[in-house]
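Count along the sequence shown from 1, add 22, and you get the number used in the working numbering.
Just so you know, even glycine gets a beta-carbon here, dropped at the ideal spot from N, CA and C.
Notes to accompany the following structure.
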Amino acid sequence: MRSHTFYQASRGRSGPALPGATDFLRGNATMASLMPAVNRMVALQKDCAAALPAMFHNCDILQFEGGQLLLATPTSAVAAKLKQQLPKLQAELEKRGWQIAAIKLKVQVTKSIAPVQHTRQLLLPNMAVAAFDELSNALPESAQNQGLIAALRAMVQRRREPD
C-alpha cells in the first residue's frame, strides 16, 4: 500500500527548507486538530502495507471508523485477490493493536494518462514499394488472399501519394 505523504519538505543545497504538510497543519489551530487523524491513517496504511504482499501496494485506506476499514483497490481483479487475504490482514492488524471489526473493499479506478508513443514512419525505397505492388498483382484472387491484396494495394497507394 502506498503511504500518503501529503507534501514532503525538501531542502535545496543552498536554499531554506520548504514547509511540509505537517508544518502547515500545525500552523493553524483548526487544521492542527486533524494531525492525530492523519498520523493514525498513516500508521494504519503502513501496517496494512507490511501485512499484505507487494501486489496490494496500490491499495489505499479510504476510511476507518468504528472498527470498519474501507480499502480502495485500483481494479476489480485486485479486489478479488485481496478479498482472499482479508482474514490474514484482519488478524495481522489485530496483532498490531488495531481493532478491526470488518474490512470492506471499494474499486476506485483512477484515470491514468497513457504514455505518448512516438512512432516512426518506415521509409521504404521506391524499389520496395514497386515490389509490393508487383506482389499484390501476382497473388491469386482468392477469398484467403483478398485481405492481403487490399492491404498491399492500400500501402502502395499511400507510399506513392505525395505528402
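Cβ pair residue i, residue j closer than 8 Å
i           : j              : result
glycine 89  : alanine 124    : yes
leucine 93  : isoleucine 122 : no
valine 151  : arginine 181   : yes
leucine 174 : serine 164     : no
leucine 115 : threonine 95   : no
Simplified DSSP state of residue i, which is helix, strand or coil
i             : result
alanine 51    : helix
glutamine 166 : coil
glutamine 30  : A caution first: glutamine 30 carries a pLDDT of 35, below 50, which makes its placement in the model too unreliable to give a value.
serine 36     : Residue placement at serine 36 is flagged as unreliable, the pLDDT there being 45, under the threshold of 50; the coordinate-derived value follows with that caveat. Residue state, collapsed to three classes: coil.
aspartate 155 : helix
Selected residue, minimal CA-CA separation from residue i, among the options
i              : options                        : result
alanine 113    : Ala150, Arg142, Leu74          : Leu74
leucine 66     : Asp82, Asp155, Val129          : Asp82
valine 100     : Ala72, Val64, Arg142, Gln130   : Gln130
proline 147    : Pro58, Cys70, Val178, Ala71    : Val178
asparagine 204 : Pro109, Gln166, Leu47, Ala51   : The structure shown does not extend to residue 204, since the chain is modelled only from 23 to 185, so the question has no answer here.
glutamate 156  : Leu144, Ile171, Ser164, His140 : Ile171
lysine 110     : Asn80, Gln143, Ala71, Leu145   : Ala71
methionine 63  : Met149, Trp120, Gly169         : Trp120
Supposed contact pair residue j and residue i - C-beta distance, whole angstroms, cut 8 Å
i            : j                : result
leucine 104  : phenylalanine 78 : 6 Å
aspartate 45 : arginine 118     : Incorrect: roughly 28 Å between the Cβ atoms, too far for contact.
Can you list, in chain order, the stretches of the alpha helix (DSSP H) that have 4 or more residues and sit fully within the region 84 to 144?
98 to 117
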